[in-house]
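Colleague: Here it is, the structure, as structure tokens.
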Amino acid sequence: MSRAFPDGFLWGAATAAYQVEGAAAQDGRGPSVWDTFSHTPGMVKHGHNGDTACDQYNRYSEDTALMKKLGLGAYRFSVSWSRIMPSGRGEVNEKGIDYYRRLTEGLLEAGIQPWMTLFHWDLPQALQDDFGGWQSRETSKYFGDYCKLIASRFSDVVQNYMTINEFSCFTDSGYYPSGQVFAPGVMLDVKGRNQVRHNALLAHGLGVQAIRSVSPHVRVGIAENPVICVPVMETEEHIQAAETAFREENAHFLTTVLEGRYPDSYLRSQGKDAPDFTDDEMKTIGSPLDFVGVNLYLAKHVMADSEAPSGYRIVSYPPSYPHMHAPWIKVSPEICYWAPRFLNKIWEVKEIYITENGCATDDTVDETGRINDTDRIFYIRNHLVSAQRAVSEGIPLKGYFCWSLLDNFEWADGYTYRFGIVHVDFNTLKRTPKLSALFYSRLIAANSIL
Ligand code: PNW
0 MSRAFPDGFL WGAATAAYQV EGAAAQDGRG PSVWDTFSHT PGMVKHGHNG
50 DTACDQYNRY SEDTALMKKL GLGAYRFSVS WSRIMPSGRG EVNEKGIDYY
100 RRLTEGLLEA GIQPWMTLFH WDLPQALQDD FGGWQSRETS KYFGDYCKLI
150 ASRFSDVVQN YMTINEFSCF TDSGYYPSGQ VFAPGVMLDV KGRNQVRHNA
200 LLAHGLGVQA IRSVSPHVRV GIAENPVICV PVMETEEHIQ AAETAFREEN
250 AHFLTTVLEG RYPDSYLRSQ GKDAPDFTDD EMKTIGSPLD FVGVNLYLAK
300 HVMADSEAPS GYRIVSYPPS YPHMHAPWIK VSPEICYWAP RFLNKIWEVK
350 EIYITENGCA TDDTVDETGR INDTDRIFYI RNHLVSAQRA VSEGIPLKGY
400 FCWSLLDNFE WADGYTYRFG IVHVDFNTLK RTPKLSALFY SRLIAANSIL
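Numbering (numbering that gives the first Met the number 0), first residue to last: 0 to 449.
Pasting the structure below:
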């Protein structure tokens with residue numbers, strides 16, 4: 000059985016601005032909701048914040064050299080909106096633009112494609128203060144303006160854009176948290192939450208249109224973390240149930256983006272709390288994409304159930320189910336097969352990328368200075384076996400980005416969970432590739448599972 004990937008399969012690594020850049024007050028960057036949130040006592044473990052993070056803002060050349068050494072074909076990073084527009088609108092901070100020019104030009108020189116995420120949760124604080132952030136369509140509109148500016152300044156060097164990273168993590172977790180609380184950390188009612196979701200979808204659509212209006216030749220997609228429905232066993236009825244569930248469980252985000260309308264079942268289930276929207280807005284939200292990126296961490300297991308009105312049932316994880324170091328990351332590598340298969344089957348998506356996949360590890364530096372994260376190798380290898388199964392069946396999966404290049408600021412967990420294939424000492428900021436980085440770089444060179 001071949002373990003090879005097709006020629007041209009794209010191998011990358013991913014990060015996000017607030018998690019790695021640091022330089023929070025350098026060169027005119029405005030504050031974002033994550034600065035405010037992380038500086039609010041009790042919101043982030045141990046009171047950690049992203050003021051310095053990995054200091055990539057000042058160390059991007061070193062990181063680019065490292066990526067080149069590892070043989071990465073692409074680097075997925077995000078742009079800090081408030082570095083570009085300190086108040087989220089109006090005045091442009093040229094020093095912010097310069098930084099991303101230096102970063103992208105350096106990547107290109109190193110033979111690495113820059114893949115740019117426009118929004119990875121760090122909303123300019125001014126938009127939160129003035130409009131309630133995602134509670135207002137003003138924010139969606141200003142996101143469109145920001146995307147237009149970025150495309151007009153970067154389309155000569157950046158060919159691949161993702162509008163938004165993971166709707167649920169800044170809408171539901173930010174404005175209607177159940178469990179994990181993310182910035183801005185407010186609690187709305189259900190109608191308010193649904194409107195926040197809608198405004199975020201609208202921002203995505205306006206972003207796609209804005210980029211296309213100034214740069215018709217670049218490619219635009221998204222990086223979403225859908226609920227990844229996986230059949231409990233591979234028999235016809237359970238596969239069918241998981242496919243139905245994939246569309247239903249993602250009704251208010253990915254399904255709406257790919258179909259340009261809210262599924263009737265979603266509107267029905269929300270009743271009087273359904274969001275306000277217009278036909279025009281739905282058309283904008285459904286703007287065609289060049290590719291769909293999905294961030295894959297764990298499965299939801301689905302079984303057929305003829306007694307359930309939907310025809311399926313989600314099976315909860317038994318307490319004994321294995322997980323990685325972070326308890327929420329279960330061992331379910333089949334996600335890298337089923338997510339691409341269902342995207343292609345349900346919506347005929349022709350170009351699919353895994354824009355994130357990875358796990359945290361409890362690293363120890365051994366007496367020779369090495370970090371032997373064999374658990375991360377186990378996680379990545381098994382996920383790639385599933386990804387390889389997808390490509391070998393002709394499913395159009397075109398690339399894979401591991402999360403993350405570097406240990407970084409893991410949101411509400413602060414620096415307590417390390418997701419990098421490269422270790423960062425947060426006292427000295429020294430980078431040390433872990434064993435998984437060596438594994439990944441060998442695998443890239445072989446273009447085959449090792
Ligand atoms: C992603 N889930 O978030 C983010 O895009 C990254 O910024 C983050 O560091 C990484 O995963 C690791 O946490 C997720 O519950 C948060 O399925 C939650 C889920 C998935 C992804």
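C-beta atoms are modelled at their ideal positions from N, C-alpha and C, and glycine is treated no differently.
If you check the beta carbons only, do A338 and V384 fall under 7 Å apart?
Modeller: Start at 1 with the first residue of the sequence shown, and residue 338 comes out as number 339. Start at 1 with the first residue of the sequence shown, and residue 384 comes out as number 385. Result no, Cβ atoms of A338 and V384 do not sit closer than 7 Å.
Colleague: Taking Cβ positions, are D374 and T363 nearer each other than 7 Å?
Modeller: The residue labelled residue 374 in the question sits at position 375 within the sequence shown. The residue labelled residue 363 in the question sits at position 364 within the sequence shown. No, the Cβ-Cβ distance between D374 and T363 is not below 7 Å.
Colleague: Is N164 near the ligand PNW, judged by its Cβ being under 6 Å from some heavy atom?
Modeller: Stepping through the sequence shown from its first residue, residue 164 is reached at position 165. Yes, the ligand PNW has a heavy atom inside 6 Å of this Cβ.
Colleague: Quick test of your reading: A298 and I328, contact by CB under 8 Å. State the CB separation rounded to the nearest angstrom.
Modeller: Translated into the one-based positions of the sequence shown, residue 298 becomes position 299. Translated into the one-based positions of the sequence shown, residue 328 becomes position 329. Not really, about 11 Å apart at Cβ, beyond 8 Å.
Colleague: Comparing the CB of N224 with every heavy atom of the ligand PNW, is any distance shorter than 6 Å?
Modeller: On the sequence shown, position 225 is the one that residue 224 refers to. At least one heavy atom of the ligand PNW is nearer than 6 Å to the Cβ of N224, so yes.
Colleague: Between the stretch 87 to 104 and the stretch 239 to 254, do at least 3 Cβ pairs fall closer than 8 Å?
Modeller: Contact fails: fewer than three Cβ-Cβ distances are below 8 Å.
Colleague: Can you round the beta-carbon distance between S77 and H119 to whole angstroms, since I take them to be within the 8 Å contact cut?
Modeller: Residue numbering aside, residue 77 sits at position 78 when the sequence shown is read from its first letter. Residue numbering aside, residue 119 sits at position 120 when the sequence shown is read from its first letter. That pair is a contact at about 4 Å.
Colleague: Quick check: does the Cβ of A15 come within less than 6 Å of any heavy atom belonging to the ligand PNW?
Modeller: For this step, residue 15 is matched to residue 16 along the sequence shown. Yes; taking the cut-off as 6 Å, the Cβ of A15 has a heavy atom of the ligand PNW nearer than that.
Colleague: Suppose you measure from the CA of W402 to the CA of I420; what does that come to, to the nearest Å?
Modeller: What you label residue 402 is simply residue 403 of the sequence shown in a count that begins at 1. What you label residue 420 is simply residue 421 of the sequence shown in a count that begins at 1. If I take the Cα positions, the gap works out to 8 Å.
Colleague: Does DSSP classify A3 as helix, strand or coil?
Modeller: Residue 3 sits at position 4 when you count from the first residue of the sequence shown. Of the three classes helix, strand and coil, the one that applies to A3 here is strand, per DSSP.
Colleague: Between E137 and V348, what straight-line distance do the alpha-carbon atoms span, to the nearest angstrom?
Modeller: Stepping through the sequence shown from its first residue, residue 137 is reached at position 138. Stepping through the sequence shown from its first residue, residue 348 is reached at position 349. Cα-Cα distance, rounded: 31 Å.
Colleague: Just to confirm before moving on: does the CB-CB distance between A64 and Q112 stay below 7 Å?
Modeller: Locating residue 64 in the sequence shown gives position 65, where the first residue counts as 1. Locating residue 112 in the sequence shown gives position 113, where the first residue counts as 1. No, Cβ-Cβ distance for A64 and Q112 is not below 7 Å.
Colleague: For T35, which of A125, R192 and I370 has the nearest alpha-carbon?
Modeller: Counting from 1 along the sequence shown, the entry for residue 35 is found at position 36. Nearest option by C-alpha distance: A125.
Colleague: Between the Cα of G7 and those of L71, K44, H422 and S309, spot the shortest distance and give me the residue it belongs to.
Modeller: The residue given as residue 7 occupies position 8 in the sequence shown. The residue with the shortest Cα to Cα distance from G7 is L71.
Colleague: Any idea what DSSP makes of N164, helix, strand or coil?
Modeller: Within the sequence shown, the letter at position 165 stands for residue 164. Looking at N164 - three-state DSSP - the assignment turns out to be strand.
Colleague: State the beta-bridge partners of A13 as determined by DSSP.
Modeller: Taking the sequence shown and counting its residues from 1, one reaches residue 13 at position 14. Beta-bridge pairing links A13 to R75 and W402.
Colleague: Output the residue ranges of the alpha helix (DSSP H) runs that lie fully inside the stretch 298 to 359 and measure 4 residues or longer, sorted by chain position.
Modeller: Counting only runs of 4 or more, we get 334 to 346.
Colleague: Beta-carbon separation of V207 and V217 under 7 Å?
Modeller: Translated into positions along the sequence shown, residue 207 becomes position 208. Translated into positions along the sequence shown, residue 217 becomes position 218. Contact: no.
Colleague: Per DSSP, what kind of secondary structure is G29 in: helix, strand or coil?
Modeller: Taking the sequence shown and counting its residues from 1, the one referred to as residue 29 is at position 30. The answer is coil: DSSP assigns G29 none of H, G, I, E or B.
Colleague: My guess is that D121 and A16 are in contact by the Cβ rule of under 8 Å, so how many angstroms apart are they, rounded?
Modeller: The count along the sequence shown starts at 1 and reaches residue 121 at position 122. The count along the sequence shown starts at 1 and reaches residue 16 at position 17. About 6 Å; that satisfies the 8 Å criterion.
Colleague: What's the gap between the Cα of W410 and the Cα of V43?
Modeller: Here residue 410 is taken as the residue at index 411 of the sequence shown, counted from 1. Here residue 43 is taken as the residue at index 44 of the sequence shown, counted from 1. Approximately 7 Å, taken between the alpha carbons.
Colleague: What runs of the alpha helix (DSSP H), each 4 residues or longer, lie entirely inside the stretch 117 to 203?
Modeller: You should have 124 to 130, 136 to 153, 166 to 169 and 171 to 174.
Colleague: Which first and last residues belong to the beta strand (DSSP E) in which H422 is found?
Modeller: Residue numbering aside, residue 422 sits at position 423 when the sequence shown is read from its first letter. Per DSSP, H422 belongs to the beta strand (DSSP E) from V421 to V423.
Colleague: Measuring only the C-alpha atoms, how far is L257 from M161?
Modeller: Within the sequence shown, the letter at position 258 stands for residue 257. Within the sequence shown, the letter at position 162 stands for residue 161. Going by the C-alpha atoms only, they are around 15 Å apart.
Colleague: For G184, which residues from the same chain have a beta carbon less than 8 Å from its beta carbon, with the 5 sequence-adjacent residues on both sides left out?
Modeller: Translated into the one-based positions of the sequence shown, residue 184 becomes position 185. F36, T39, M42, G173 and P176.
Colleague: So, helix, strand or coil for I210, using DSSP?
Modeller: The count along the sequence shown starts at 1 and reaches residue 210 at position 211. I210: helix per DSSP, three-state reduction.
Colleague: Which residues in the same chain have their Cβ closer than 8 Å to the Cβ of F130, if we skip the five residues on either side of it in sequence?
Modeller: Along the sequence shown, read from residue 1 onward, the residue named residue 130 stands at position 131. Excluding sequence neighbours, F130 sits near E137 and T138.
Colleague: Measuring from the CB of Y296, is there a heavy atom of the ligand PNW at a distance below 6 Å?
Modeller: As a first step, residue 296 is located in the sequence shown; it is residue number 297 there, counting from the start. Yes, the ligand PNW has a heavy atom inside 6 Å of this Cβ.
Colleague: By alpha-carbon positions, which one of D424, Y56, L106 and S1 ends up nearest to R28?
Modeller: Position 29 of the sequence shown holds residue 28. Taking only the C-alpha atoms, the option nearest R28 is Y56.
Colleague: What is the rounded straight-line gap between the Cα of R369 and the Cα of L434?
Modeller: In the sequence shown, the residue the question calls residue 369 occupies position 370. In the sequence shown, the residue the question calls residue 434 occupies position 435. Rounded to the nearest angstrom, the two C-alpha atoms are 8 Å apart.
Colleague: What do you get for M186, buried or exposed, if any count of 16 or more other CB atoms within 10 angstroms of its CB means buried?
Modeller: The count along the sequence shown starts at 1 and reaches residue 186 at position 187. So M186 ends up on the exposed side.
Colleague: Terminal residues of the continuous alpha helix (DSSP H) containing V256?
Modeller: Residue numbering aside, residue 256 sits at position 257 when the sequence shown is read from its first letter. Start and end: T255 to E258.
Colleague: What's the C-alpha gap between K344 and G204?
Modeller: Reading the sequence shown from its first residue, position 345 is the one you call residue 344. Reading the sequence shown from its first residue, position 205 is the one you call residue 204. Using only the alpha carbons, I get a separation of about 23 Å.
Colleague: Mind checking who E223 pairs with in its DSSP beta bridge?
Modeller: By one-based count along the sequence shown, residue 223 stands at place 224. Answer by DSSP bridge pairing, in chain order: V293.
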